[in-house]
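Colleague:
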Amino acid sequence: MIHEGLELRILFLPEYFLPHIGGGEIWCWNVARNLAKKHEITVLTYKHPEKRVSEIVDNVSIVRMGPFPIPGVQPYFTRAFVQIPFSLIHSMKRDFDVLLVSQTLPLLLGKVISLFKRRPVISIFHNVYGLEFSLKDKGFVKGMIRGFLEVLSLKLNYDAVITVSDGIKEKLMSWGIPENRIHVVYGGVDLTVFDKVEEKRSEIPIVLYVGRLVRLKRVDLLIRSFSKVVRDFPNAFLWIAGDGPERARLKRMAEQYNIPVRFLGWIDGEEKIRVMKRAWCLVLPSEKEGFSLVLPESMACRTPVVAIDSGGLSTIVKDGVNGFLVPPGSEDLIYERICRILSDEKLRDRMGEAGRKIVEEKFTWEKVAERVEKVLLSALQTFASG
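At position 380 of the sequence shown (counting the first as 1) the number is 380 in UniProt numbering, and the numbers step up by one without a gap.
#1: Straight-line CA distance for Thr192 to Gly139?
#2: For Arg247, which residues in the same chain have their Cβ closer than 6 Å to its Cβ, ignoring the five residues on either side in sequence?
#3: Just list the residues that DSSP pairs Val121 with in beta bridges.
#4: When you compare only the Cα positions, how much space is there between Glu55 and Ser61?
#5: Report the residue from Glu132, Met92, Gly290, Gly323 whose alpha carbon sits nearest the alpha carbon of Ile162.
#6: If you run the structure through DSSP and keep just helix, strand and coil, what is Gly290?
#7: Less than 7 Å between CB atoms is the rule here; does Asp58 satisfy it with respect to chain D?
#8: Return helix, strand or coil for Ile223, following the three-state DSSP convention.
#9: What are the complete beta strand (DSSP E) segments, minimum 3 residues, inside the stretch 113–200?
#10: Under the three-state reduction of DSSP, which class applies to residue 387: helix, strand or coil?
#11: What three-state label does DSSP hand Asp349 in the structure shown?
#12: Apply the 10 Å Cβ neighbour rule to Gln83 and answer buried if 16 or more other Cβ atoms are within range, or exposed otherwise.
#13: Determine the direct distance from the alpha carbon of Glu198 to that of Leu342, and round the result to whole angstroms.
#14: Can you list, in chain order, the residues of its chain with a C-beta nearer than 8 Å to that of Tyr129? Leave out the 5 residues immediately preceding and following it.
#15: With burial defined as no fewer than 16 other Cβ atoms inside 10 Å of the residue's Cβ, what is the status of Thr45: buried or exposed?
#16: From the DSSP output, read off the bridge partner residues of Ala241.
#17: Runs of 4 residues minimum, wholly inside the stretch 316–370: which ones carry the alpha helix (DSSP H) assignment?
#18: My output table needs one value for Ile70: the three-state DSSP class, helix, strand or coil.
#19: Of the choices Val141, Leu99, Val121, Val31, whose alpha-carbon is the least far from that of Tyr76?
#20: Does the Cβ-Cβ distance between Arg33 and Lys47 come in under 7 Å?
#21: Pairs of beta-carbons, one from the stretch 319–327 and one from the stretch 298–306, closer than 8 Å: are there three or more?
#22: Mapping the DSSP letters down to three states, classify Ile2 as helix, strand or coil.
#23: Just verifying my parser: in three-state terms, what is the DSSP assignment at Arg94?
#24: For Ile2, I'd like the list of residues in its chain whose CB is within less than 6 Å of its CB, leaving aside the five on either flank, ordered along the chain.
#25: Under 6 Å Cβ to Cβ from Ala254, same chain only, skipping five residues before and after it: list those, please.
#26: Would Arg356 be called buried (16 or more neighbouring beta carbons within 10 Å of its own) or exposed?
#27: Under the DSSP definition of a beta bridge, which residues are partnered with Thr104?
#28: If we call anything under 7 Å between Cβ atoms a contact, is Pro120 one with Leu380?
#29: With three or more beta-carbon pairs closer than 8 Å as the criterion, would you say the stretch 230–243 touches the stretch 200–219?
#30: Rounded to the nearest angstrom, what separates Lys93 and Lys155 at their Cα positions?
#31: Is Glu7 helix, strand or coil by DSSP?
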């Protein structure tokens, strides 16, 4: 249950918000709708061509601002043109008790708004990329911009900081943010939704990837690993669910390796749950991750996982218990761990049950929202006392 104490007026300024798809957006939406069971929450986000300018969904008031819609990921300059002036205008007109801001531009805006409105600001860091990785991931110009904005946001003094994994907490501390201000709040799943979907495990081995098709996710590494898996398991299939700029290249690569693969495109809701329940294992080969929601989602389906030991993934995946962790870039180890799972039904069942238990104990959205609420109340109390 959400805390029965003080009812807060929360203003939430995320980088993106649904219907934009991504782990951060899903985290923000589920936290918002669970906080809204007790508190008054308003989300300021971009206009979207398929959504109303203003609407209330699950008691969350969503205000979409700006002169034009932003249907997908846009350059920083485009977003700054919309977000900076319109966030300031909307924020100044509203009464709120606490400000919640998430990733990149909102982190900078939040501090400005809090100074003008004299309200506490709580920042959310879904990841800390660093300049070297930003240059590699985004190219020189975009990488320099992201690196600069990230450094600037890390140097600001927030009333509290929320992050989604212990690994990112360590990075934040390395930038000088005091440990007592950092609160780790993991992502979660809605088990009632997952349990309503009935689906049997596939009779043939299915290895699954779910996520964006971008360089950072290293799906190319999974394709190369799977090309070895099919030598040992000729009837196995690789299912790739997601979309992005890498899709065409990955399809060509799969054709070159002549592997049995299905590109499912974006899947969500019941369809995603069915796919996860059919799979024998889910693989997350990303080069860098903070907290990936697909891991507890897969575990909620009792599907073992193979993931890169990066960022905060060791928080979710206990090596040898509910899945396997491998070092980044470990093509051969990914292959070996997939084969271990596919070849041992008892191991799959044991890992599946262990994963489900971990989700039930730590990764439901109600528990996530309760932790966020405690951070907000504590920050507000500290701010009020001086």
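Even glycine gets a Cβ: it sits at the ideal position worked out from N, Cα and C.
Modeller: Working from what's here:
#1: If I take the Cα positions, the gap works out to 42 Å.
#2: Excluding sequence neighbours, Arg247 sits near Leu213.
#3: Bridge partners of Val121: Leu99.
#4: If I take the Cα positions, the gap works out to 6 Å.
#5: Closest by alpha carbon: Gly290.
#6: DSSP, reduced to helix, strand and coil, places Gly290 outside both helices and strands of the structure shown, so it counts as coil.
#7: Checking the listed chains, one finds no chain D in this structure; it contains a single protein chain.
#8: If DSSP states are grouped into helix, strand and coil, Ile223 belongs with the helices.
#9: Assignment of beta strand (DSSP E) within the stretch 113–200, counting only whole runs of 3 or more residues, yields 121–125, 160–163, 182–184 in chain order.
#10: Limits of the chain in this structure are 1 at one end and 386 at the other, which puts residue 387 out of reach.
#11: The answer is helix: DSSP assigns Asp349 an H, G or I state.
#12: Counting C-beta atoms within 10 angstroms of its own C-beta, Gln83 has 16 or more neighbours from the protein chains shown and is therefore classed as buried.
#13: The alpha-carbon of Leu342 is positioned some 22 Å away from that of Glu198.
#14: Cβ contact annotation for Tyr129 (same chain, cutoff 8 Å, sequence separation greater than five): Asp137, Arg146, Gly147, Glu150, Lys288, in chain order.
#15: Counting other Cβ atoms within 10 Å of its Cβ, Thr45 reaches 16 or more and is therefore classed as buried.
#16: Beta-bridge pairing links Ala241 to Val210, Gly265.
#17: 331–343, 345–362, all fully within the stretch 316–370.
#18: Coil.
#19: Of the listed residues, the one whose Cα sits closest to Tyr76 is Val141.
#20: Contact: no.
#21: Inter-segment contact for the stretch 319–327 and the stretch 298–306 is present: three or more beta-carbon pairs are separated by less than 8 Å.
#22: Unreliable placement is indicated for Ile2, whose pLDDT of 45 sits below 50; no coordinate value is reported for it.
#23: DSSP places Arg94 in coil when its eight states are reduced to three.
#24: Legend: pLDDT at Ile2 = 45, less than 50; position of this residue unreliable, value from coordinates given subsequently. In the same chain as Ile2, and ignoring 5 residues on each side of it, the C-beta atoms closer than 6 Å to its own belong to Lys37, Lys38, in chain order.
#25: Ile223, Val261.
#26: Counting the other Cβ atoms within 10 Å of the Cβ of Arg356 gives 16 or more, which makes it buried.
#27: In the DSSP output, where bridge partners are listed per residue, Thr104 has none listed.
#28: Remark: C-beta atoms of Pro120 and Leu380 approach each other more closely than 7 Å.
#29: With the cut-off at 8 Å, the stretch 230–243 and the stretch 200–219 touch.
#30: The alpha-carbon atoms of Lys93 and Lys155 are separated by roughly 28 Å.
#31: Three-state DSSP puts Glu7 in coil, outside helix and strand.
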